[in-house]
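Asks: In the numbering used here, the protein residues as written are 45 to 592.
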Amino acid sequence: MGKLTSTMAFTFVCHAGPLEPQAVLLAASLRRYAGHVPAYVAVPQPEEVWGAPSGRTLAAFDRFDIEVVPVTAPFGRERPLTNKIAALRVPAETERLVLLDSDILALGPVADHPLLTSEAEVVAKPADFQTWTRELAVWARTYAACGARVPRTRVAATVSGDTGPPYFNSGVVITRRPGRLADVWERCARALAATDDLPFGSRWDDQPAFAVAVQAGGFTVGYADERLNFPAHVRTLPPGRPPLLCHYHRPRVIRVDPLLRGLVADYARRHPEVAEVLREHREWEPYAPGPRTPLRRPAPRAGGGLPTAPGAELLITGMPESGSRDLCELLNGYSDCAAIVGPPAVDDALRAYDTPWGVPVYLRDTRIAVADGRTAFRPRSADFLLAVENTETLPARLGAVRALLPGLRTVLCARDPYDTIARWKEARDQTWSENARPGDTDRAEPSGIRSRPDAAERLARRWARSVRRLRDAREGSLLIDYDRLMADPYGVLARVTEGLRPGSPPEGLRPREPVHQRDSLNSHDRKAIEAICVPVARELGIVVRPKP
Numbered sequence: 045m046g047k048l049t050s051t052m053a054f055t056f057v058c059h060a061g062p063l064e065p066q067a068v069l070l071a072a073s074l075r076r077y078a079g080h081v082p083a084y085v086a087v088p089q090p091e092e093v094w095g096a097p098s099g100r101t102l103a104a105f106d107r108f109d110i111e112v113v114p115v116t117a118p119f120g121r122e123r124p125l126t127n128k129i130a131a132l133r134v135p136a137e138t139e140r141l142v143l144l145d146s147d148i149l150a151l152g153p154v155a156d157h158p159l160l161t162s163e164a165e166v167v168a169k170p171a172d173f174q175t176w177t178r179e180l181a182v183w184a185r186t187y188a189a190c191g192a193r194v195p196r197t198r199v200a201a202t203v204s205g206d207t208g209p210p211y212f213n214s215g216v217v218i219t220r221r222p223g224r225l226a227d228v229w230e231r232c233a234r235a236l237a238a239t240d241d242l243p244f245g246s247r248w249d250d251q252p253a254f255a256v257a258v259q260a261g262g263f264t265v266g267y268a269d270e271r272l273n274f275p276a277h278v279r280t281l282p283p284g285r286p287p288l289l290c291h292y293h294r295p296r297v298i299r300v301d302p303l304l305r306g307l308v309a310d311y312a313r314r315h316p317e318v319a320e321v322l323r324e325h326r327e328w329e330p331y332a333p334g335p336r337t338p339l340r341r342p343a344p345r346a347g348g349g350l351p352t353a354p355g356a357e358l359l360i361t362g363m364p365e366s367g368s369r370d371l372c373e374l375l376n377g378y379s380d381c382a383a384i385v386g387p388p389a390v391d392d393a394l395r396a397y398d399t400p401w402g403v404p405v406y407l408r409d410t411r412i413a414v415a416d417g418r419t420a421f422r423p424r425s426a427d428f429l430l431a432v433e434n435t436e437t438l439p440a441r442l443g444a445v446r447a448l449l450p451g452l453r454t455v456l457c458a459r460d461p462y463d464t465i466a467r468w469k470e471a472r473d474q475t476w477s478e479n480a481r482p483g484d485t486d487r488a489e490p491s492g493i494r495s496r497p498d499a500a501e502r503l504a505r506r507w508a509r510s511v512r513r514l515r516d517a518r519e520g521s522l523l524i525d526y527d528r529l530m531a532d533p534y535g536v537l538a539r540v541t542e543g544l545r546p547g548s549p550p551e552g553l554r555p556r557e558p559v560h561q562r563d564s565l566n567s568h569d570r571k572a573i574e575a576i577c578v579p580v581a582r583e584l585g586i587v588v589r590p591k592p
């Protein structure tokens with residue numbers, strides 16, 4: 045390399061196909077937020093294998109002053125992600141080369157991040173998840189295949205929290221030694237591809253080779269945070285302070301985020317070259333309508349539409365058997381409301397990680413499925429009300445979910461302790477083992493309850509504990525009593541949906557007779573409920589019916 049002419053330059057990959065609109069949008073965002081910093085697009089060769097970017101794509105690169113550089117792909121079509129290795133070999137005379145995946149958008153002044161002036165030879169963010177292996181023995185074979193040893197350093201994945209040897213998301217890599225990194229990275233990738241007892245060849249096959257290359261090459265390492273590589277496919281953008289580089293992965297992620305959607309639409313409106321490229325690709329065409337088509341169109345009743353508004357969301361929780369499912373049934377009577385009972389994906393997200401990012405992601409993906417016509421629900425408006433119910437794990441995690449979704453409306457369902465515990469006993473007698481924890485919404489039941497020898501007291505204390513948790517979460521939530529829901533469904537629904545635009549109300553809605561079946565309670569159960577549960581219920585404002 046000759047005399048350095050810049051402190052920083054960007055490089056990314058583009059070949060024929062879905063990468064074209066992504067690469068063009070990346071180019072537009074770099075010019076908006078990185079000014080005249082040099083940028084290169086690496087076009088893999090041979091052309092008969094990878095195809096050539098269209099003339100419109102090349103015109104867009106020219107519009108944004110992106111230098112097109114043909115590069116030799118290190119592997120064939122079976123390993124497209126390794127093309128980024130060749131992108132490190134562009135002729136950039138710069139102090140630091142920033143390698144970017146094409147499915148990234150700049151959202152802020154990238155050069156302002158302190159790691160852009162770091163003396164580290166390689167900078168990258170730890171992976172979102174451990175997608176290679178959690179087994180140290182497999183890591184040892186991985187490093188050994190490349191003639192290296194597993195380092196002692198342990199790093200946590202930024203989303204899952206899995207801890208293991210350094211493993212990075214290679215979507216954003218900053219390096220002061222791009223040529224040497226490319227050589228070592230390719231050597232490690234070839235060594236792993238030739239090793240039979242390793243899972244190389246997955247959709248992340250570039251990342252294990254990169255992790256080993258960093259160690260095998262003896263590079264000094266800087267660990268980036270999510271400001272430089274935000275995983276928007278599994279997290280929603282934080283309000284108020286967007287990251288500098290957003291790794292969205294799939295076009296559908298952009299569709300339901302107002303900031304990303306607005307940026308893409310703005311690039312299409314300002315730059316005809318961008319609009320022409322987007323129109324060539326079905327997933328992107330809605331952002332670049334023709335000259336006589338308005339940019340914002342209502343989502344169709346089935347398939348392929350671009351949502352015009354993010355819509356409102358509602359979380360419904362409380363104790364099991366306390367009316368949450370009855371509330372969902374009533375909400376589903378509205379024309380523009382979908383209430384989903386106990387989706388497994390939400391329960392998994394609440395249990396799996398300390399920060400339950402999977403909840404907002406589930407809400408986002410459900411909206412996309414509705415807009416695409418992949419559900420039976422057909423709202424009249426794209427900004428329909430989406431409600432999700434969970435009583436098993438949400439009460440214990442409600443604070444964490446609210447931190448991710450500020451302003452989200454939550455409903456807490458409660459019910460007379462006699463009726464609730466009677467339902468618990470019936471369910472336990474039918475399906476639950478002796479170790480079941482009816483109504484316990486925490487991950488681990490306190491030993492003080494579990495160790496109680498008296499079954500009636502255990503159930504009563506579990507109910508009281510659940511109610512105390514609802515009491516702690518009541519601020520900012522609506523408390524819905526089961527008896528009131530049955531007696532005045534219109535009034536309760538009006539409170540729940542106020543300002544949320546659920547559409548036309550259900551027809552023929554009438555008060556219902558509450559279900560009070562207490563035959564499973566014996567006198568000992570009733571005494572425990574009266575002594576332990578009734579005072580707590582009255583404290584929270586739950587209606588307690590007289591003992592029958």
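Beta carbons: idealized from backbone N, C-alpha and C, even for Gly.
With a threshold of 16 other CB atoms inside 10 Å of the CB of D250, please say whether the residue is buried or exposed.
Replies: When all chains shown are included, D250 counts as buried.
Asks: What does the alpha-carbon distance come out to for the pair T337 and R305?
Replies: Low local confidence applies: a pLDDT of 37 at T337 is under 50, so the model's placement there is unreliable, with the coordinate-based value given in what follows. Cα to Cα, the separation comes out at about 17 Å.
Asks: Cα-Cα, which of V256, Y211, E433, A383 is closest to V414?
Replies: Answer by Cα proximity: A383.
Asks: Starting from M363 and walking both ways along the alpha helix (DSSP H), at which residues does that stretch end?
Replies: That residue, M363, is in no alpha helix (DSSP H); it is neither H nor E in DSSP.
Asks: Measuring only the C-alpha atoms, how far is D416 from N376?
Replies: 20 Å
Asks: How close, in whole Å, do the beta carbons of P82 and T161 come, if the pair is a contact with beta carbons under 8 Å?
Replies: About 17 Å separates the two Cβ atoms, so there is no contact after all.
Asks: Nearest CA to the CA of A312: which residue from G61, I573, A71, G585?
Replies: Among G61, I573, A71, G585, the Cα nearest to that of A312 is on A71.
Asks: Return helix, strand or coil for F56, following the three-state DSSP convention.
Replies: strand
Asks: Compute the distance between the beta-carbons of G547 and D380, then report whether it is under 8 Å.
Replies: yes
Asks: Could you check the C-alpha separation between I110 and A164 for me, to the nearest Å?
Replies: 26 Å
Asks: Among D460, N566, T239, A531, which has the Cα closest to the Cα of E583?
Replies: D460
Asks: Relative to the alpha-carbon of N434, which residue among A255, L449, V390 has its alpha-carbon at the smallest distance?
Replies: V390
Asks: Within 10 angstroms of its Cβ, does Q474 collect 16 or more other Cβ (buried), or is it exposed?
Replies: Any reading at Q474 must be qualified, since the residue scores a pLDDT of 38, below 50, and its modelled position is unreliable; no value is offered.
Asks: With a cut-off of 8 Å, do at least 3 Cβ pairs link the stretch 497-509 to the stretch 569-576?
Replies: yes
Asks: Looking at the strands, I want to know which residues DSSP matches up with S204.
Replies: Beta-bridge pairing links S204 to no other residue.
Asks: Assuming A181 and Q259 make a contact with CB atoms under 8 Å, what is their CB distance in whole Å?
Replies: Taking C-beta atoms under 8 Å as the contact rule, A181 and Q259 fail to qualify, at a distance of about 17 Å.
Asks: State the start and end residues of the unbroken beta strand (DSSP E) segment that holds T116.
Replies: 111-116
Asks: Leaving out five residues on either side along the sequence, give the residues of the same chain with a beta carbon under 7 Å from the beta carbon of V278.
Replies: D172, V203, W401, V405
Asks: For A150 versus L289, is the C-beta spacing smaller than 8 Å?
Replies: Taking a C-beta distance under 8 Å as the contact criterion, A150 and L289 qualify as a contact pair.
Asks: Less than 8 Å between the beta carbons of H315 and R107, yes or no?
Replies: yes
Asks: Spatial neighbours of L442 within its chain, please: C-beta separation below 6 Å, excluding the five flanking residues on both sides.
Replies: If you ignore the 5 residues before and after L442, its C-beta comes within less than 6 Å of the C-beta of A517, all in its own chain and listed in chain order.
Asks: Where does P88 land, buried or exposed, given buried means 16+ other C-beta within 10 angstroms?
Replies: buried
Asks: Give me, in chain order, the residues of the same chain whose beta-carbon lies closer than 6 Å to that of M530; leave out the 5 immediate sequence neighbours on both sides.
Replies: Result list for M530: R556, P558, in chain order.
Asks: What residues in its chain sit with their C-beta under 7 Å from that of L374, if we drop five residues either side in the sequence?
Replies: P533, L537, P550
Asks: Check whether the stretch 112-121 touches the stretch 84-99, counting contact only when three or more Cβ pairs, one atom from each stretch, lie closer than 8 Å.
Replies: yes
Asks: Where does the unbroken alpha helix (DSSP H) through L322 begin, and where does it stop?
Replies: 316-323
Asks: Looking at C-alpha atoms only, which residue of P275, Y267, T361, P118 is the closest neighbour of C232?
Replies: P118
Asks: Within the same chain, show all residues whose beta-carbon is closer than 8 Å to that of A60, passing over the 5 residues directly before and after it, in chain order.
Replies: W94, G95, A96, P97, S98
Asks: Go through the stretch 158-224 residue by residue and report every complete run of the alpha helix (DSSP H) that reaches 4 residues or more, in order.
Replies: 180-189
Asks: Do you know how far the Cα of F263 is from the Cα of L322?
Replies: 39 Å
Asks: So L429 and R545 are supposed to be a Cβ contact under 8 Å. How far apart are they, rounded?
Replies: Confirmed, about 6 Å.
Asks: Per DSSP, which residues does E357 bridge with? Please list them.
Replies: L430
Asks: Locate the beta strand (DSSP E) running through D145, then write down its first and last residues.
Replies: Note, D145: premise wrong, no beta strand (DSSP E); not H, not E.
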